[in-house]
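Residue numbering for the sequence shown follows the numbering used here, starting at 1242 and increasing by one per position. Even for Gly, the Cβ is constructed at its ideal location relative to N, Cα and C. Just so we're clear, the structure is a prediction, and the values are computed from it rather than from any experiment. Structure, as structure tokens:
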Amino acid sequence: MAVQVFKVPECIKKDMKYTFCPGCDHGIAVRLVAEVLDELGLKENTIGVASIGCSVTIYDFLDLDFLEAPHGRALAEATGVKRAKPDKFVFTYQGDGDFASIGLAESLHTALRGEKISSICINNTTYGMTGGQLGPTTILGQVTTTSPTGRNLEYYGYPIKIAEHVALCDGTAYSARVSLDSVANIKKAKQAIKKAFEVQLKGLGFGFVEILSTCPTNWRMSPDKAHERVRDEMMPVFKPGVYKDVTAVLEG
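Dropping the structure here:
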């Protein structure tokens, strides 16, 4: 039987130290971003922007030019970078709390303006880095450190469905939600990331991918159980799929 050898993407730092929690899906997401950047030949022309949260450590792994933004301001900062250097490929890597809570105005207005930027948002339904507090995507009934009896509808309201909101913005060229719970879905996630990057390269507008991810540490679960939770609890609420794709219209 032939042994399959996996090539390490050129974007990955060769001397990096893995710092994500065991079983965390951030590592898979970062790997997919690196693979797509390599395949599209973007390594030498890319500027990434990461904001506060678990997502901020992406620049520990990728050998790219990066900026760190204050919490929630990644897309505001990325807008400035793209307008100052329109020839550069610019992307953000953010968490759901960063993108859809403190940064919601920046995020949606970037999409409404149709900024030619690509954004990856990791949705693990909690504030991971600061201890597992209730976040904008925490699902109804979910127990967190700040909702010990579960997310209550009357008190907290509904969780935000990010991909659907971004898709409603006229400047959005692509908006999709994917998951990393299985090999098949990881492949679909890579395809979505590639499409979000390609719409920027084609000058079509804002590209967005929401990635359903685990947080085994704060969920207090094994990686296997955490992926079961993604399938059984998260995916029925946050349905994976493509919510907007202007290329389908143009090509049709």
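- Residue range 1447-1453 is occupied by the beta strand (DSSP E) that includes phenylalanine 1447.
- Considering only Val1478, Val1407, Pro1250 and Arg1472, the residue with the shortest C-alpha distance to alanine 1346 is Val1407.
- Nearest in C-alpha terms to arginine 1418, of all of Lys1402, Cys1410 and Gly1412, is Lys1402.
- Within the region 1309-1352, the complete alpha helix (DSSP H) segments of 4 residues or longer fall at 1315-1325, listed in chain order.
- Bridge partners of phenylalanine 1307 according to DSSP: Gly1289.
- Counted as a single uninterrupted DSSP element, the alpha helix (DSSP H) harbouring valine 1277 occupies residues 1267-1280.
- Of all alpha-carbon atoms in Ile1361, Gly1338, Thr1351 and Val1483, the one lying nearest the alpha-carbon of glycine 1372 is that of Gly1338.
- The residue among Thr1386, Glu1276 and Lys1357 with its C-alpha nearest the C-alpha of cysteine 1252 is Glu1276.
- Taking the CA atoms as reference points, threonine 1386 sits about 14 Å from isoleucine 1380.
- Judged by their CB atoms, aspartate 1279 and proline 1250 are nearer to each other than the 7 Å cut-off.
- In the DSSP assignment, aspartate 1486 falls within the unbroken beta strand (DSSP E) covering 1482-1486.
- Counting only the Cα atoms, threonine 1287 lies some 12 Å from alanine 1319.
- DSSP, reduced to helix, strand and coil, places tyrosine 1397 within a helical segment of the structure shown.
- Residue environment for arginine 1272: buried (at least 16 other C-beta atoms within 10 angstroms of its C-beta).
- The alpha carbon of glutamate 1405 has as its nearest neighbour, out of Thr1455, Gly1398 and Tyr1415, the alpha carbon of Tyr1415.
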